[in-house]
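Peer 1: FYI, the numbering used here numbers position 65 of the sequence shown as 65, with every residue one higher than the one before it. Positions of the beta carbon are idealized from the N, C-alpha and C atoms, including for glycine. Every value quoted in this text rests on a predicted model; they were computed, and no experiment measured them.
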Amino acid sequence: VTRFTVKGIFTSGYQDLDRTWAFIPLSTGWSVLSPENSKTFIGGIFPEASAGLEQSISRLADALPKNWMVYDWRELNRYLLGNLESTRSILLFVMALIILVAVFNVMTSLIMLTLERQREIGILKCTGTSPGDITFSFILAGMMASGAGTLAGLGGGLLVSRFINEIIAGT
Numbered sequence: 001v002t003r004f005t006v007k008g009i010f011t012s013g014y015q016d017l018d019r020t021w022a023f024i025p026l027s028t029g030w031s032v033l034s035p036e037n038s039k040t041f042i043g044g045i046f047p048e049a050s051a052g053l054e055q056s057i058s059r060l061a062d063a064l065p066k067n068w069m070v071y072d073w074r075e076l077n078r079y080l081l082g083n084l085e086s087t088r089s090i091l092l093f094v095m096a097l098i099i100l101v102a103v104f105n106v107m108t109s110l111i112m113l114t115l116e117r118q119r120e121i122g123i124l125k126c127t128g129t130s131p132g133d134i135t136f137s138f139i140l141a142g143m144m145a146s147g148a149g150t151l152a153g154l155g156g157g158l159l160v161s162r163f164i165n166e167i168i169a170g171t
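1. Do the CB positions of F136 and L110 come within less than 8 angstroms of each other?
2. Give the range of the alpha helix (DSSP H) segment to which S86 is assigned.
3. Helix, strand or coil: which one does DSSP assign to R19?
4. I'd like the list of long-range same chain contacts for L64, defined as Cβ closer than 8 angstroms, with 5 residues on each side in sequence excluded.
5. Are three or more beta carbon pairs between the stretch 4-20 and the stretch 74-84 nearer than 8 angstroms?
6. Expressed to the nearest angstrom, what Euclidean distance is found between the alpha-carbon atoms of G44 and A141?
7. Consult DSSP for I9 and reduce its assignment to one of helix, strand or coil.
8. Measure from the alpha carbon of F143 to the alpha carbon of each residue in M112, M107, S161 and L124, then state which is nearest.
9. Just checking my contact of V32 with T2 at CB under 8 angstroms: how many whole Å lie between their CB atoms?
10. Does the distance from the CB of V160 to the CB of I167 come in under 8 angstroms?
11. Suppose you measure from the CA of I98 to the CA of T171; what does that come to, to the nearest Å?
12. How is the alpha helix (DSSP H) around P131 delimited, first residue to last?
13. When DSSP labels each residue in this structure, what does E75 get in the three-state scheme?
Below, the structure written as structure tokens:
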């Protein structure tokens with residue numbers, strides 16, 4: 001057991017990574033951790049992050065001793081990135097389903113509104129209102145209902161996303 005003093009806390013933006021990483025001085029790591037149970041990583045930042053990254057990695061690998069390996073961040077975390085991508089796909093699918101349900105709700109509401117207002121529609125037709133104007137009034141009602149639902153959902157979603165950690169923690 002070795003005690004360390006926390007000198008700083010960082011976040012990568014991914015909680016799964018933040019929970020599993022700790023950075024300690026290399027000399028301390030070599031003295032505390034056995035080579036069989038640990039891996040030593042030396043990180044670096046390349047100025048040409050996207051363009052020429054493969055050439056930079058190749059040059060670095062050629063300059064290092066033969067028992068050293070060079071990996072990029074995506075290669076080291078390919079399972080996590082795969083999980084994040086599948087989670088993203090699932091969330092997009094769920095959001096598409098939610099939107100589909102919302103569309104059907106608005107459509108059903110408009111059908112019910114039309115059925116309930118048959119008498120008023122008949123009176124409007126008798127007074128000479130064009131079918132286009134009557135249709136426009138129902139489209140406008142649907143757009144107003146959709147807009148109000150969108151604004152309420154967006155506001156609620158932003159509010160929940162802002163305080164999601166507190167909600168999960170129950171504080």
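Peer 2: Looking at the atomic coordinates:
1. For the purposes of this step, residue 136 is identified with residue 136 of the sequence shown, where counting begins at 1. For the purposes of this step, residue 110 is identified with residue 110 of the sequence shown, where counting begins at 1. Not a contact, by the Cβ cut-off of 8 angstroms.
2. Working through the sequence shown from its first residue, we reach residue 86 at position 86. Element bounds for S86: R78 to E116.
3. Here the question's residue 19 lines up with position 19 in the sequence shown. Looking at R19 - three-state DSSP - the assignment turns out to be helix.
4. Walking along the sequence shown from the start, residue 64 turns up at place 64. Once the five neighbours on either side are set aside, the close Cβ partners of L64 are V70.
5. yes
6. Residue 44 sits at position 44 when you count from the first residue of the sequence shown. Residue 141 sits at position 141 when you count from the first residue of the sequence shown. Near 58 angstroms, if we compare the C-alpha coordinates of A141 and G44.
7. Indexing the sequence shown from 1 puts residue 9 at position 9. I9: coil per DSSP, three-state reduction.
8. Working through the sequence shown from its first residue, we reach residue 143 at position 143. Residue 143 is actually Met in this sequence, not Phe. The candidate whose alpha carbon is nearest that of M143 is M107.
9. Locating residue 32 in the sequence shown gives position 32, counting from the first residue. Locating residue 2 in the sequence shown gives position 2, counting from the first residue. Contact holds; Cβ gap of about 5 angstroms.
10. Taking the sequence shown and counting its residues from 1, one reaches residue 160 at position 160. Taking the sequence shown and counting its residues from 1, one reaches residue 167 at position 167. It is a contact, given that the beta carbons lie within the stated cut-off.
11. Position 98 of the sequence shown, counted from the start, is the residue given in the question as residue 98. Position 171 of the sequence shown, counted from the start, is the residue given in the question as residue 171. Taking the straight line joining both Cα atoms gives about 28 angstroms.
12. Here residue 131 is taken as the residue at index 131 of the sequence shown, counted from 1. First-last of the alpha helix (DSSP H) with P131: P131 to R162.
13. Position 75 of the sequence shown, counting from 1, holds the residue named residue 75. Looking at E75 - three-state DSSP - the assignment turns out to be helix.
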